[in-house]
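Peer 1: Sharing a structure with you now.
Residue numbers (full-length UniProt numbering): 1 to 162.
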């Protein structure tokens, strides 16, 4: 519920103005925006796992605008220019999002206990196997595995809170 509420608060205005670009009647815009968020609510569990929420939201918005025109038997298509612009915007958003997420993960890694951070870095960043890390540090493979899992759980639990 909190996750969906955050999405709604963060994107309601952007979605409204996006829809407003394609539909002029205010009541229709509000109806379509409502349909967008209903759709997102129904699929909110899938959004939690998605790292790129914004493109999903605006793809849903395009679909609901198209549905609106189809229901009202009007002809409407997103122009090639719109699609090219959206792809370019999406690429910029993806890069910005990735950079922001990397920054957050680095900050979270700094908050981890030293051993967990060390084993996580060796395994996930340097791509060294649990067995090799265990051998190099004279510890069991399961200890390395537990420390890496602990780090991953910490990052997952705190990434959206950051």
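Glycine residues also receive a C-beta, built at the ideal position from the N, C-alpha and C atoms.
If we cut at 7 Å on Cβ distances, does residue 34 have a partner in chain C?
Peer 2: In the structure shown, chain C cannot be found, because there is only a single protein chain.
Peer 1: Going by DSSP in three states, residue 138 sits in which element: helix, strand or coil?
Peer 2: Position 138 of the chain shown, counted from the start, is the residue given in the question as residue 138. Coil, per DSSP.
Peer 1: For the pair the stretch 1-11 and the stretch 32-45, tell me if three or more CB-CB distances fall below 8 Å.
Peer 2: As far as the Cβ criterion goes, the stretch 1-11 touches the stretch 32-45, which means the pair count is three or higher.
Peer 1: Just checking my contact of residue 29 with residue 57 at CB under 8 Å: how many whole Å lie between their CB atoms?
Peer 2: Locating residue 29 in the chain shown gives position 29, counting from the first residue. Locating residue 57 in the chain shown gives position 57, counting from the first residue. Not quite, the Cβ-Cβ distance comes to about 16 Å (not below 8 Å), so this is no contact.
Peer 1: Residue 144 to residue 135, Cα distance in whole Å?
Peer 2: Translated into the one-based positions of the chain shown, residue 144 becomes position 144. Translated into the one-based positions of the chain shown, residue 135 becomes position 135. Going from the Cα of residue 144 to the Cα of residue 135 covers about 10 Å.
Peer 1: CB-CB under 8 Å to residue 18, same chain, minus the five flanking residues each way: which ones, in chain order?
Peer 2: Reading the chain shown from its first residue, position 18 is the one you call residue 18. The residues are 58, 61.
Peer 1: So for residue 149, helix, strand or coil by DSSP?
Peer 2: Along the chain shown, one-based indexing puts residue 149 at 149. Residue state, collapsed to three classes: helix.
Peer 1: Kindly indicate which residue of 98, 148, 36, 46 has the alpha-carbon position closest to the one of residue 115.
Peer 2: In the chain shown, counting from the first residue as 1, residue 115 sits at position 115. With distances taken between Cα atoms, residue 115 lies closest to 148.
Peer 1: Tell me whether residue 64 is buried or exposed, calling it buried when 16 or more other Cβ atoms sit within 10 Å of its Cβ.
Peer 2: Translated into positions along the chain shown, residue 64 becomes position 64. Buried, since its Cβ has 16 or more Cβ neighbours within 10 Å.
Peer 1: State buried or exposed for residue 107, treating a residue as buried only when at least 16 other CB atoms are found within 10 Å of its CB.
Peer 2: Position 107 of the chain shown holds residue 107. Residue 107 should be labelled exposed.
Peer 1: Using beta-carbon positions only, say whether residue 151 and residue 118 come within less than 7 Å of one another.
Peer 2: Position 151 of the chain shown holds residue 151. Position 118 of the chain shown holds residue 118. Going by C-beta atoms, residue 151 is not nearer than 7 Å to residue 118.
Peer 1: Within the same chain, show all residues whose beta-carbon is closer than 7 Å to that of residue 133, passing over the 5 residues directly before and after it, in chain order.
Peer 2: Position 133 of the chain shown, counting from 1, holds the residue named residue 133. Excluding residues within five positions, the ones whose Cβ falls inside 7 Å are 119, 122, 123, 144.
Peer 1: Determine the direct distance from the alpha carbon of residue 12 to that of residue 69, and round the result to whole angstroms.
Peer 2: By one-based count along the chain shown, residue 69 stands at place 69. By one-based count along the chain shown, residue 12 stands at place 12. Answer to the nearest angstrom: the Cα atoms are 21 Å apart.
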